[in-house]
Amino acid sequence: MNFKSFDSLSTEKNTYGFGRKKPFEFALKKSESREIVFIDDTPFCTREHSLFIDGAYKSYQCIGDNCPLCQSGHSSAAVYYLTVVDLKPWTDRTGETHHESFALFKFKQKAALELKKIKEKHGRLKGLKIEAKREDTQYAGKSGNRFFYVEDASNYLEEYSEIEYLEVFKKPSRDELYQVANKVAA
Ligand SMILES: [Zn+2]
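Going by this note's numbering, the sequence shown opens with residue 1154, and the numbers climb by one from there.
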């Protein structure tokens, strides 16, 4: 386990290992399940436009009143974010294996209702180890659609703290979104 990188996580703002400005976004393949530990349980909520640009879907935060994407007829959806530790081991560029990774957990209404049930049953999500499963259906989100309680994992709360959402999700300017709207229209 690389404790040096854990130290830098908690002391350096906006650094999520290897100089990344944004944390990883947790994602499962269809039919995959993985264990995660929730670090917080009050989701950061926002609205996003999901647009297909340059061959891929990209998300843009809606700025509400006077949003150029809303004005060009693109719908937005409520999205929620929590902070998790993904327990799948991975190997970095230098060949070193890490046992876990810090990640953004993005979800929508359906998954929110599932997670709410677990929170009601256990009184919290924070510090719980959960198995997230993405079923092979069209409606299952990338972060999963079924969630199962595994065990208490409060020890992770000593090493990790929640993502600073307001730093990661700065509202785009009207100008930036106007340019995106033009790109989609082109
Ligand atoms: Zn909008």
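Cβ atoms here follow ideal geometry from the backbone N, Cα and C, with glycine treated the same way.
Quantities reported herein were computed from a predicted structural model and do not represent experimental measurements.
Asked, Found
"Compare the Cα-Cα distances from Lys1182 to each of Tyr1313, Glu1288, Glu1304 and report the closest residue.", "Glu1288"
"Out of Lys1295, Glu1320, Phe1197, state which residue places its alpha-carbon closest to the alpha-carbon of Ala1180.", "Lys1295"
"Out of Arg1327, Phe1260, Tyr1233, Asp1194, which one is the CA nearest neighbour of Glu1273?", "Asp1194"
"May I ask you to list the residues that DSSP assigns as paired with Arg1246?", "Answer by DSSP bridge pairing: none, since Arg1246 is not bridged."
"Per the DSSP calculation, Tyr1213 is bridged to which residue(s)?", "His1202"
"Reducing DSSP to helix, strand and coil, say where Leu1319 ends up.", "helix"
"My guess is that Asp1239 and Ala1256 are in contact by the Cβ rule of under 8 Å, so how many angstroms apart are they, rounded?", "5 Å"
"Below 7 Å, is the gap between the Cβ of Cys1215 and the nearest heavy atom of ligand 1?", "yes"
"For ligand 1, is there any heavy atom lying closer than 7 Å to the beta carbon of His1252?", "no"
"Should Leu1222 be counted as a contact of ligand 1 given a C-beta to heavy atom distance under 7 Å?", "yes"
"By alpha-carbon positions, which one of Pro1176, Tyr1213, Arg1187 ends up nearest to Val1337?", "Tyr1213"
"By the 10 Å Cβ neighbour count, where 16 or more other Cβ atoms means buried, how is Lys1202 classified, buried or exposed?", "One point to set straight first is that residue 1202 is His, not Lys, in the sequence displayed. It is buried - the Cβ of His1202 has at least 16 other Cβ atoms within 10 Å."
"Going by the C-beta, is His1202 closer than 7 Å to any heavy atom of ligand 1?", "yes"
"Does the Cβ-Cβ distance between Lys1175 and Val1321 come in under 8 Å?", "yes"
"Which residue comes first and which comes last in the alpha helix (DSSP H) that contains Arg1187?", "Segment 1186-1191 is the beta strand (DSSP E) holding Arg1187; no alpha helix (DSSP H) there."
"To the nearest angstrom, how far is the alpha carbon of Ala1334 from that of Gly1276?", "43 Å"
"Please determine whether the Cβ atom of Ser1229 lies at a distance below 7 Å from any heavy atom of ligand 1.", "yes"
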